[in-house]
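A short worksheet on the structure shown next.
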Amino acid sequence: MSTPDRTAPTAPPSRSLTVLRDVRPWGGERVDLHVADGRISAVTPHDPAGPAASGTARPADDPGGADGVVDGRGLLALPGLVNAHAHVDKSWWGKPWVSYGGEATTQGRIAHERAHRDELGIPGVDVTLTVLRELVRHGTTAIRTHVDVDLGLGLRGIEVVREALTELDGAVHAEIVAFPQDGVLRRPGVLDLLDAAAVAGAEHVGGLDPASIDRDPVGQLDGLFTIAERRGVGIDVHLHDGGELGAFQVELMIDRTLRAGLQGKVNVAHGFAVGQLPASRQADLVAAMGEAGITMTTVAPIGAAPLPLHALREAGVAVGLGTDGIRDLWSPYGTGDLLALTTQLARLSRFRHDDELVAAARIATADAARFVGRDVHDLVVGAPADVVLVDAENVPDAVVRAPRRALVVAGGRVVARDGDVLV
Ligand SMILES: [Zn+2]
């Protein structure tokens, strides 16, 4: 394999592609990726004599007046990053520093957020656009985002997020979880709001610590599963509760998933308990999750017991990676860089071998297709043309260094280049 040119690829601003020339998908041989209607239409061995890059293409390669040919210059290509657990409706990214002032408990953080979100313009289209652009800049092209739904906001947050997504014109593919951040049963009326969100097009209804927040795990979960069955949406529950209390709630979800035939549509977010259980208890729970088609998302938090990723994979439990909220009223941390978070996931999981590092990259990309409602999200024919180019020798090198994203393509359109967002 020849050494890639160390300069940035050439690309016109936010322009639709016809060919992304000379890239190395997953670090393999150099190929040309052909694009039609926003999807990868062909993958051919790189042809050095093929159409030249921007500005020098022959007229025959120039339908519609733009050549649409971009030279990837031999860089490593990955599918667009999939942020499977985001909160793009609430952040103060781009605003002056906000010192954290809440108590360090889940309830304390909820109260702090309720008290101060208005003064930060949360939720707001500008806030959400700023976060989304930060995600795009770092190579994320698809997200599953939780959006707060509560008695104060109603469904306004979801409307705001949809407006911001429309403004980005397809640069980010998104699925929305209507998220009851302030609890469900303890706030009468919230279940109705979640139902209304599902009717209005939210792909999933969320939940929050059914035991420790609502103090009624059976009640909250029965409410969520009733909506999911009635409206045909998924379920995605934030579960911070650890140990046996958390495991018990996972078991309640397994029972209900099997009973309702919702295999593949129920996700446990965080699920710290799964990482904390004794080995034999953990093995049994993971196996039961696999049989019920339950999935998990993690934000690779420092200090938490890492999820047993190998065991989860062997049991068929898909795991997605997400940023969680970035720079919000819960925490000042987070940058929106999912590849850097992949480094963190790999380190927390004590990954060293190449196959483990590649598995981490797949969690953040191709293997996360299901978390954003896609059948396929990879550098193959028929997949959405979502591509990230990085200057790395191979995938393990990209995972441990998280180099700058040289080019980001979403739906066949160049949306970021060298850290600059073009949408
Ligand atoms: Zn979250």
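So for the sequence shown, the working numbering puts the first residue at 828; every next one is plus one.
We put the beta carbon where it would ideally sit given N, CA and C, even for glycine.
### Query
If you draw a straight line from the C-alpha of residue 1166 to the C-alpha of residue 1206, how long is it?
17 Å
### Query
In terms of alpha-carbon separation, which member of 1203, 1161 and 1134 lies closest to residue 1176?
1134
### Task
Whole angstroms is fine: what's the gap from residue 1033's alpha carbon to residue 1238's?
28 Å
#### Entry: Where residue 843 sits in the DSSP three-state scheme
strand
### Message
Going by DSSP in three states, residue 985 sits in which element: helix, strand or coil?
### Response
helix
### Message
I need the boundaries of the alpha helix (DSSP H) containing residue 1142, first residue and last residue.
### Response
Careful: residue 1142 lies outside any alpha helix (DSSP H) and carries neither H nor E.
#### Entry: Which of helix, strand or coil DSSP assigns to residue 892
Only weak support is given to the placement of residue 892: the predicted model assigns it a pLDDT of 35, under 50, and the question is left unresolved by the model.
### Task
Would you check if there are 3 or more beta carbon pairs closer than 8 Å linking the region 1004-1012 to the region 1035-1050?
yes
### Query
Ends of the alpha helix (DSSP H) at residue 1227?
1222-1228
### Query
Residues in its own chain within less than 7 Å of residue 1016 by CB, not counting five upstream and five downstream?
978
### Task
Tell me, please, which residues DSSP counts as bridged to residue 992.
None, per the DSSP bridge assignment.
#### Entry: Own chain residues within Cβ distance below 7 Å of residue 1020, not counting five before or after
976, 981 and 982
### Query
Which one or two residues does DSSP pair with residue 1033 in a beta bridge?
1063
#### Entry: Contact test: residue 1096 Cβ vs ligand 1 heavy atom, cutoff 8 Å
yes
### Task
Just grab the DSSP bridge partners of residue 1125 for me.
1148
### Query
Could you give the residue range of the beta strand (DSSP E) that holds residue 1234?
1232-1237
### Query
Applying the criterion that 16 or more other CB atoms from any shown protein chain within 10 Å of the CB defines a buried residue, is residue 863 buried or exposed?
exposed
### Message
Buried or exposed for residue 876, going by 16 or more other Cβ atoms inside 10 Å?
### Response
exposed
### Query
Does the pairing of the region 893-902 with the region 950-967 give three or more beta-carbon distances under 8 Å?
no
### Simplified DSSP assignment, three categories, for residue 957
helix
### Query
Is residue 1152 near ligand 1, with its Cβ less than 8 Å from a heavy atom?
yes
### Task
Below 6 Å CB to CB, which residues in the same chain sit around residue 948 once its five sequence neighbours on both sides are set aside?
954
### Task
Say yes only if the C-beta of residue 1250 is nearer than 8 Å to one or more non-hydrogen atoms of ligand 1, and no if none qualify.
no
### Query
Any idea what DSSP makes of residue 971, helix, strand or coil?
strand
### Message
With a threshold of 8 Å (Cβ to nearest heavy atom), would residue 914 be considered close to ligand 1?
### Response
yes
### Task
State yes or no: is the C-beta of residue 774 nearer than 8 Å to some heavy atom of ligand 1?
Examination of residue 774 is not possible in this model, given that the chain is present from 828 through 1250 alone.
### Task
Mind checking who residue 856 pairs with in its DSSP beta bridge?
Answer is none; residue 856 lacks a bridge partner.
### Task
Put residue 1242 into one of helix, strand or coil per three-state DSSP.
strand
#### Entry: residue 1211 and residue 900 closer than 9 Å at C-beta
no
### Message
On the criterion of 16 or more Cβ atoms from any shown chain inside 10 Å, does residue 871 qualify as buried, or is it exposed?
### Response
exposed
### Query
Going straight from the alpha carbon of residue 1060 to that of residue 932, what length do you get?
30 Å
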